[in-house]
Ligand code: ADQ
């Protein structure tokens with residue numbers, strides 16, 4: 359059986375608690391052998407390419423430290439200030455700087471130099487996400503002839519937006535060095551094809567193979583899932599039960615609405631608060647019957663746009679609470695902190711509504727975790743943005759346009775009065791797919807598709 363070489367910006371070690379993605383990749387590494395390679399998250403004065411190998415619970419990881427230039431230009435710069443906003447349709451926030459683009463290429467070359475000697479002829483190589491677009495092409499330049507697949511965890515932007523990126527053509531051509539490119543949804547696959555066919559003159563063959571000159575690459579829509587079984591187990595844990603009790607007590611009979619997101623402008627938190635405020639204004643009789651708990655740990659704090667969203671949200675929560683609170687009730691509890699997964703499971707289960715309303719999201723795993731944590735006898739209602747990749751798989755959620763405060767307000771109202779039979783009916787369809795198309799299903803779909811790519815001159 360072929361080993362797997364997983365390459366991603368950050369690496370999750372074999373020990374401790376993890377999200378579904380790390381668990382699924384660890385399982386693959388344990389079963390097939392292999393290595394998980396990437397940045398250690400550490401900063402050094404001068405890049406050395408020295409690899410730190412670790413082995414924990416049968417998983418080998420190999421990490422390198424980056425220097426200040428790399429971190430500023432590749433990570434904070436091109437990945438977080440250029441590609442992330444552009445790929446989430448926010449060209450107003452995207453910064454196009456040649457230094458960032460140069461640092462991104464340099465760091466990818468450094469990764470390729472470091473990892474290529476670790477790759478053996480029969481290995482399957484699986485590269486992850488927007489930090490690593492050029493890595494496959496760099497590996498090819500270093501003589502790596504293996505099957506190499508790439509999976510994008512974020513959306514692929516429409517052609518009309520992508521053409522604003524000065525390096526778009528170069529990046530997309532580099533991507534064609536992979537054998538297989540995976541996206542969460544058919545919509546992102548179509549956007550990618552649209553760019554390659556209309557900007558570069560490529561052609562689509564057999565519905566899933568893009569051809570440009572001598573290059574041929576397969577495309578797959580392969581939605582990531584969660585480890586649903588593990589999440590259901592977490593929900594039964596002591597910590598989850600205690601959290602459930604504590605949270606339920608704290609809202610004294612009111613309906614809890616929960617949001618759980620990294621503090622990121624793509625998650626639509628400002629719009630969510632405004633939608634909730636609209637609900638409070640439109641439904642004065644319900645006013646004191648609900649509480650919104652928003653859990654949002656800060657991320658990427660060294661990027662300006664993330665500092666701005668933090669202060670905007672603090673201001674907004676303060677204003678809404680100031681305008682609507684009563685002696686015994688505060689409408690929004692806004693918590694800037696991360697929680698262990700078993701605590702989150704208890705919070706999800708205690709919540710009558712899961713409010714997941716990103717403006718744009720590759721998939722969104724919180725939506726699936728919320729469903730997995732519900733009580734089958736009395737499940738809560740998922741309100742989901744139609745602009746999350748997850749919406750495609752979850753039509754039985756209440757789908758909303760997160761830009762419309764009115765739609766969000768209507769959906770909250772509909773969820774609060776939804777009869778139990780309807781909640782159960784919708785939840786049963788949702789949980790079936792969350793369980794069937796879990797993270798192991800996703801991993802298998804991708805790796806099997808990669809193995810099926812015919813051997814050919816690379
Ligand atoms: P993210 O943008 O990070 O991932 P998401 O899919 O929602 O978004 O995953 C977030 C994970 O972090 C979830 O497992 C959630 O439980 C956890 N989390 C969030 N807030 C937390 C908190 N306060 N405490 C503890 N844990 C918290 C990117 C893409 C997504 C895509 C994933 C996977 O942006 O669209 O679904 O990758 O491909």
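Numbering (the working numbering), first residue to last: 359 to 816.
Cβ coordinates follow ideal geometry from the N, Cα and C atoms, glycine included.
The model shown is predicted, which means the values in this text are computed figures rather than measured ones.
Residue 739 is a Cβ neighbour of residue 784, given a cutoff of 9 angstroms.
Secondary structure note for residue 546: its alpha helix (DSSP H) is the uninterrupted segment 544-557.
Judged by DSSP secondary structure, residue 803 falls within the alpha helix (DSSP H) whose first and last residues are 797-809. Nearest to residue 662 by alpha-carbon distance, out of 632, 675, 439, 758, is 439. Under DSSP, residue 613 shares a beta bridge with 648. Residue 474 has its alpha-carbon roughly 11 angstroms from the corresponding atom of residue 481. Here residue 615 is near residue 648, since their CB atoms are less than 9 angstroms apart. Residue 411 counts as exposed, since fewer than 16 other C-beta atoms from the protein chains shown sit within 10 angstroms of its C-beta.
For residue 641, the closest C-alpha among the options 514, 682, 550 is that of 682.
If you ignore the 5 residues before and after residue 388, its C-beta comes within less than 7 angstroms of the C-beta of 416, 417, all in its own chain and listed in chain order. In this structure the segment 530-539 touches the segment 491-500; the number of beta carbon pairs closer than 8 angstroms is three or more. Taken atom to atom, the span from the alpha-carbon of residue 657 to that of residue 470 is near 27 angstroms.
Taking a C-beta distance under 9 angstroms as the contact criterion, residue 367 and residue 396 qualify as a contact pair. Restricting attention to alpha helix (DSSP H) runs no shorter than 4 residues, the segment 564-608 encloses them at 586-594, 596-608, ordered along the chain. In this structure, 380 is the residue among 369, 451, 563, 380 with its C-alpha nearest to the C-alpha of residue 798.
A straight line joining the alpha-carbon of residue 795 with that of residue 753 spans about 15 angstroms.
Per DSSP, the beta bridge partners of residue 410 are 421.
Going by beta carbons, residue 524 and residue 721 fall outside the 9 angstroms limit. In the DSSP assignment, residue 657 falls outside any beta strand (DSSP E) and carries neither an H nor an E. Inclusion of residue 693 and residue 652 in the CB contact set at 9 angstroms is warranted, their separation being smaller than that value. For residue 561, DSSP records a beta bridge to 569. With a cutoff of 9 angstroms on beta-carbon distance, residue 760 and residue 588 are scored as not near each other. The Cβ atoms of residue 548 and residue 750 lie no closer than 9 angstroms to each other. Distances from the CB of residue 624 to the heavy atoms of the ligand ADQ include at least one below 8 angstroms.
Under the three-pair Cβ rule at 8 angstroms, the segment 443-461 counts as touching the segment 509-516. Look at residue 491 here: in three-state DSSP terms it is coil, with no helix or strand label. Beyond the five residues adjoining it in sequence on each side, residue 675 comes within less than 7 angstroms, by CB distance, of 631, 690, 692 in the same chain, given in chain order.
Per DSSP, residue 767 is one residue of the alpha helix (DSSP H) stretching across 763-775.
Judged by DSSP in its simplified three-state form, residue 663 adopts helix. For residue 695, the shortest C-beta to heavy atom distance toward the ligand ADQ is below 8 angstroms. Out of 627, 487, 557, the CA that lies nearest to the CA of residue 520 is found in 557. Between the ligand ADQ and the CB of residue 723, the shortest heavy atom gap is smaller than 8 angstroms. Below 8 angstroms, enough C-beta pairs join the segment 598-618 and the segment 702-710 to call them touching: three or more.
Residue 394 places its beta carbon less than 9 angstroms from that of residue 383. In the DSSP annotation of this structure, residue 692 is not part of any alpha helix (DSSP H); the continuous beta strand (DSSP E) holding it starts and ends at 690-693. The C-alpha of residue 684 lies about 48 angstroms from the C-alpha of residue 486.
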